[in-house]
Amino acid sequence: MEFNNEKLREIMEHLSKDERLLINDEIAQTKVLQYAINPDEKFLSVLKESPILSKEFFNKIGEFIVFRQNDFIQFVNGHSFWLDSYTSFRNKVGLSTNREVISKNNKVVIDFPYKDCVLEGGKQRLNSKNKKLKDKEIFYHSVIDSTEIDRLLDPKVFVNTKRVSIEGENNDVLMQEDDNLLIKGNNLLALHSLKERYHGQIQLIYLDPPYNLDTDDFEYNDRFKRSTWLTFMKNRLSVANELLKDSGAIFVQIDHHEMPYLKVLMDEIFSEENFVQIITVKTSSPAGFKTVNPGPIEVTEYILFYTKNRTRFPFKKSYVPTEYDDNYNLVLLNPEKPVNEWELKSIREVVYEQNGIETTCSYQKQNKMAQELWGHHWKIIREQMIAKYALENADIVFSKRDPQKPAEALKALMIDSKKQENKGRVLAYTKKSSEEEAKFSYVYMGGVLASYGNKVKTINGIKTNTELLTDLWTDISWDGIAGEGGITLKNGKKPERLIERIIELSTKPGEIVLDFFLGSGTTAAVAHKMNRRYIGIEQMNYGENDSSVRLNNVINGDQTGISKNHNWILGGSYIYTELMKYNAKFVEEIEQANTNEELDKVFTRIEEQAFLNYSIYLSTVKEAYGDYISLSMDQKKEFLHDLLDLNQLYVNWTEIDDSDFGVNTLDKEFNKSFYQSEEARGILNE
Numbered sequence: 009m010e011f012n013n014e015k016l017r018e019i020m021e022h023l024s025k026d027e028r029l030l031i032n033d034e035i036a037q038t039k040v041l042q043y044a045i046n047p048d049e050k051f052l053s054v055l056k057e058s059p060i061l062s063k064e065f066f067n068k069i070g071e072f073i074v075f076r077q078n079d080f081i082q083f084v085n086g087h088s089f090w091l092d093s094y095t096s097f098r099n100k101v102g103l104s105t106n107r108e109v110i111s112k113n114n115k116v117v118i119d120f121p122y123k124d125c126v127l128e129g130g131k132q133r134l135n136s137k138n139k140k141l142k143d144k145e146i147f148y149h150s151v152i153d154s155t156e157i158d159r160l161l162d163p164k165v166f167v168n169t170k171r172v173s174i175e176g177e178n179n180d181v182l183m184q185e186d187d188n189l190l191i192k193g194n195n196l197l198a199l200h201s202l203k204e205r206y207h208g209q210i211q212l213i214y215l216d217p218p219y220n221l222d223t224d225d226f227e228y229n230d231r232f233k234r235s236t237w238l239t240f241m242k243n244r245l246s247v248a249n250e251l252l253k254d255s256g257a258i259f260v261q262i263d264h265h266e267m268p269y270l271k272v273l274m275d276e277i278f279s280e281e282n283f284v285q286i287i288t289v290k291t292s293s294p295a296g297f298k299t300v301n302p303g304p305i306e307v308t309e310y311i312l313f314y315t316k317n318r319t320r321f322p323f324k325k326s327y328v329p330t331e332y333d334d335n336y337n338l339v340l341l342n343p344e345k346p347v348n349e350w351e352l353k354s355i356r357e358v359v360y361e362q363n364g365i366e367t368t369c370s371y372q373k374q375n376k377m378a379q380e381l382w383g384h385h386w387k388i389i390r391e392q393m394i395a396k397y398a399l400e401n402a403d404i405v406f407s408k409r410d411p412q413k414p415a416e417a418l419k420a421l422m423i424d425s426k427k428q429e430n431k432g433r434v435l436a437y438t439k440k441s442s443e444e445e446a447k448f449s450y451v452y453m454g455g456v457l458a459s460y461g462n463k464v465k466t467i468n469g470i471k472t473n474t475e476l477l478t479d480l481w482t483d484i485s486w487d488g489i490a491g492e493g494g495i496t497l498k499n500g501k502k503p504e505r506l507i508e509r510i511i512e513l514s515t516k517p518g519e520i521v522l523d524f525f526l527g528s529g530t531t532a533a534v535a536h537k538m539n540r541r542y543i544g545i546e547q548m549n550y551g552e553n554d555s556s557v558r559l560n561n562v563i564n565g566d567q568t569g570i571s572k573n574h575n576w577i578l579g580g581s582y583i584y585t586e587l588m589k590y591n592a593k594f595v596e597e598i599e600q601a602n603t604n605e606e607l608d609k610v611f612t613r614i615e616e617q618a619f620l621n622y623s624i625y626l627s628t629v630k631e632a633y634g635d636y637i638s639l640s641m642d643q644k645k646e647f648l649h650d651l652l653d654l655n656q657l658y659v660n661w662t663e664i665d666d667s668d669f670g671v672n673t674l675d676k677e678f679n680k681s682f683y684q685s686e687e688a689r690g691i692l693n694e
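Per my numbering, the sequence shown runs over residues 9 to 694.
See below:
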């Protein structure tokens with residue numbers, strides 16, 4: 009369909025009546041598309057009120073009026089709809105064909121950002137003060153020929169490889185079976201590079217992904233952000249599922265904003281049958297600025313726990329420290345005697361007697377003597393002494409409990425124990441579970457005795473009262489973790505104790521732990537101290553707070569976090585390596601440029617060195633160079649992104665011997681040792 013400029017202006021004027029379509033008082037194509045994809049009554053009313061739009065995009069069928077949505081979307085994507093000079097410039101240099109922008113051509117993979125996004129452009133929006141551009145999401149791979157999509161996910165070349173140990177750094181590295189890995193680069197591409205070597209070998213994956221918050225580094229425009237974020241996660245979780253062992257598990261930490269949606273996604277990828285539970289973690293206290301928020305204060309996050317195959321996961325009982333349970337208030341005075349001669353006494357009376365307080369008198373008089381002995385805080389002192397006695401004498405301290413579903417014989421014995429002739433006596437109940445094994449229950453005054461010894465465990469070398477671990481974790485402190493590992497990372501650091509618990513729950517020494525949102529390196533640092541192998545992937549560079557800095561501290565004897573729990577001293581090693589950048593380096597230069605002069609230099613290097621978008625001919629760009637000069641800096645940046653073939657961000661392993669890339673001999677040897685398996689070679693040679 010064709011519209012002259014006068015009609016196009018009339019359409020634009022009409023659309024401007026819906027203020028939601030405006031950014032800085034201008035009609036935004038992205039906003040129009042958003043509402044075209046998900047139209048509401050207000051949006052349709054605005055379209056219907058325009059005689060031109062009503063005629064072109066609405067049909068009357070009987071009593072119904074039908075919106076021709078696909079035709080309208082095609083119209084919005086058509087370059088004729090936009091009158092600005094930037095669109096005109098893009099058309100001149102080949103970024104549209106047959107009156108359709110490239111992203112609508114049948115040779116491309118992606119129609120709209122929310123639909124098939126494969127690779128997101130880092131953790132930032134366009135570096136721009138222009139809100140129109142800042143609200144435009146970065147999708148590097150929205151213009152990839154469908155025949156090329158597989159190459160995007162091909163294994164990549166690793167460079168700048170070095171082994172880091174207590175002896176220092178060594179660049180002459182070959183991959184060994186038990187090596188730890190720290191990979192710098194896009195995590196989706198790194199995961200696909202790992203897939204051939206580590207398929208089905210990872211025991212634990214822990215992830216702390218971007219939470220998709222407006223205050224987070226990982227920002228999207230409001231209309232698309234959830235579907236985009238979920239697609240971003242889906243592509244990575246799908247590969248993660250392939251890497252897990254049959255006995256493996258994945259734990260993904262998230263807040264309440266995306267947890268329900270992520271749960272549905274993970275049900276699809278890992279299956280509902282392999283869902284274990286949602287763990288609730290208390291991460292803060294209701295203090296400071298949070299107390300001004302309306303409604304209940306948010307102090308929790310969630311961990312989604314899935315197995316690869318629930319029937320093969322080695323579930324373990326785990327215990328957490330807790331306070332003394334004052335239901336355990338009976339002390340066995342003569343455990344050496346036969347059961348029918350046992351004598352039980354109140355733990356309070358036993359503690360009183362140990363401190364010279366007479367217990368043959370009334371309860372009130374005993375308390376009065378305790379108050380005279382210990383002063384104003386006598387009750388607190390007494391409870392502390394009782395808790396200490398119970399912990400030190402756990403095997404002779406008991407609680408009287410009512411079993412939930414007692415066997416008939418046990419039930420009858422419990423009734424007998426309440427009879428006058430059995431008052432104060434302990435009765436033994438024996439249940440034969442096998443020829444070799446006998447289980448005993450001790451019945452006392454209508455209840456079954458439970459030993460406090462079953463609740464006392466040694467955790468981190470300390471004998472303590474415990475209870476079974478539940479799906480509510482409130483015992484791990486998030487205060488005071490700023491110094492753990494010798495690095496800091498605001499709003500992103502997790503306590504080493506949290507990762508320690510997850511690793512204890514799901515792995516044995518020597519098994520592999522993977523974290524591909526490594527951040528400050530907590531997962532790798534804890535795995536290192538706990539004698540687990542690990543692979544960490546991180547795209548961002550945190551400078552002096554980088555994960556590599558933290559791992560170096562661990563190797564050299566870091567004593568923070570869980571170090572003392574595991575008698576950590578120093579040692580071990582890891583291999584640091586990077587995905588080899590090609591067009592990715594130009595993307596970084598574009599984002600970092602602050603002046604037109606800097607951007608022009610990037611343009612020159614792109615012309616001379618980069619892989620260009622397959623639809624671009626340099627001759628057309630040079631012919632339109634005058635138009636390029638007149639663009640704003642924000643528009644230049646957007647154009648230079650489009651100019652690059654973003655399927656060539658990193659160098660594929662199959663091109664390692666291409667002299668144009670200049671891979672050095674040591675890196676070539678490492679790559680060959682990494683992709684060494686017969687299976688991997690077979691896949692790569694196909």
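All C-beta atoms in this analysis are idealised placements derived from N, C-alpha and C, irrespective of residue type, glycine included. Computed from a prediction, not measured in an experiment: that's the story for all the values here.
State the start and end residues of the unbroken beta strand (DSSP E) segment that holds residue i.
i      : result
Tyr582 : 581-587
Pro329 : 327-329
Ile258 : 252-262
Asp308 : Before going further, note that residue 308 is Thr rather than Asp in the sequence given. It spans 308-315 - the beta strand (DSSP E) in which Thr308 sits, taken as one unbroken run.
Phe647 : Run containing Phe647: none in the beta strand (DSSP E); it sits in the alpha helix (DSSP H), 641-651.
Val521 : 520-523
Ser407 : 405-409
Val464 : 464-467
Asn564 : No beta strand (DSSP E) holds Asn564; DSSP gives it neither H nor E.
Ser459 : 455-459
Roughly how many angstroms lie between the CA atoms of residue i and residue j, to the nearest whole one?
i      : j      : result
Lys680 : Asn473 : 53 Å
Glu177 : Leu559 : 13 Å
Glu443 : Val434 : No answer about Glu443 holds up, because its pLDDT of 42 lies below 50 and its placement is not dependable.
Tyr360 : Ser407 : 19 Å
Thr288 : Ile174 : 38 Å
Arg541 : Arg159 : 30 Å
Met241 : Val181 : 33 Å
Glu445 : Asn348 : Low per-residue confidence applies at Glu445: pLDDT is 43, beneath 50, and the placement is therefore not dependable, though the value from the model is reported in the following sentence. Whole-angstrom Cα-Cα distance: 22 Å.
Val695 : Ser528 : No statement about residue 695 is possible, as the shown extent of the chain runs from 9 to 694 and does not include it.
Ile69  : Ala632 : 47 Å
Asn553 : Thr496 : 6 Å
Thr438 : Phe448 : 5 Å
Arg318 : Asn243 : 23 Å
By DSSP, does residue i sit in helix, in strand, or in coil?
i      : result
Asp424 : helix
Ile665 : The sequence shown places Asp at residue 665, not Ile. It is coil, neither helix nor strand.
Ile511 : helix
Lys112 : With a pLDDT of 38 at Lys112, under the threshold of 50, the modelled position of this residue cannot be trusted; read the value that follows with caution. Correct three-state label for Lys112: helix.
Arg171 : strand
Glu546 : strand
Trp237 : helix
Asn660 : strand
Ile286 : strand
Ile598 : helix
Lys431 : coil
Leu160 : helix
Ala415 : coil
Val272 : helix
Closest to residue i by CA distance: which of the options is it?
i      : options                        : result
Leu273 : Leu654, Leu238, Leu16          : Leu238
Ile60  : Phe80, Lys353, Gly70, Gln42    : Phe80
Ile262 : Gln285, Gly256, Gly493, Pro218 : Pro218
Leu620 : Glu605, Ser638, Val595, Ile174 : Val595
Glu18  : Lys39, Asn46, Glu57            : Glu57
Ala248 : Lys419, Gly303, Gln211, Asn375 : Gln211
Leu506 : Asp642, Ile545, Gln547, Ile570 : Ile570
Asn468 : Val284, Ile311, Val328, Gly383 : Val328
For the alpha helix (DSSP H) that residue i lies in, which residues bound it at each end?
i      : result
Ser627 : 626-631
Thr612 : 604-617
Give a single yes or no on whether residue i has its beta carbon closer than 6 Å to a heavy atom of the ligand ZN.
i      : result
Tyr636 : This structure does not include the ligand ZN; it has no bound ligands of any sort.
At what residue ranges does the region 10-87 contain a whole run of the alpha helix (DSSP H), taking only runs of 4 or more?
Along the region 10-87, the alpha helix (DSSP H) occurs as fully enclosed runs of 4 or more residues at 13-23, 37-45, 49-57, 59-65, 77-85, listed in sequence order.
Ignoring anything shorter than 3 residues or poking outside the region 330-387, list the beta strand (DSSP E) runs there in chain order.
Listed in chain order, they are 338-340, 352-354.
Taking the runs of the alpha helix (DSSP H) that are 4 residues or longer, which of them lie wholly in the region 173-223?
With a minimum length of 4 residues, the unbroken runs of alpha helix (DSSP H) contained wholly in the region 173-223 fall at 195-206.
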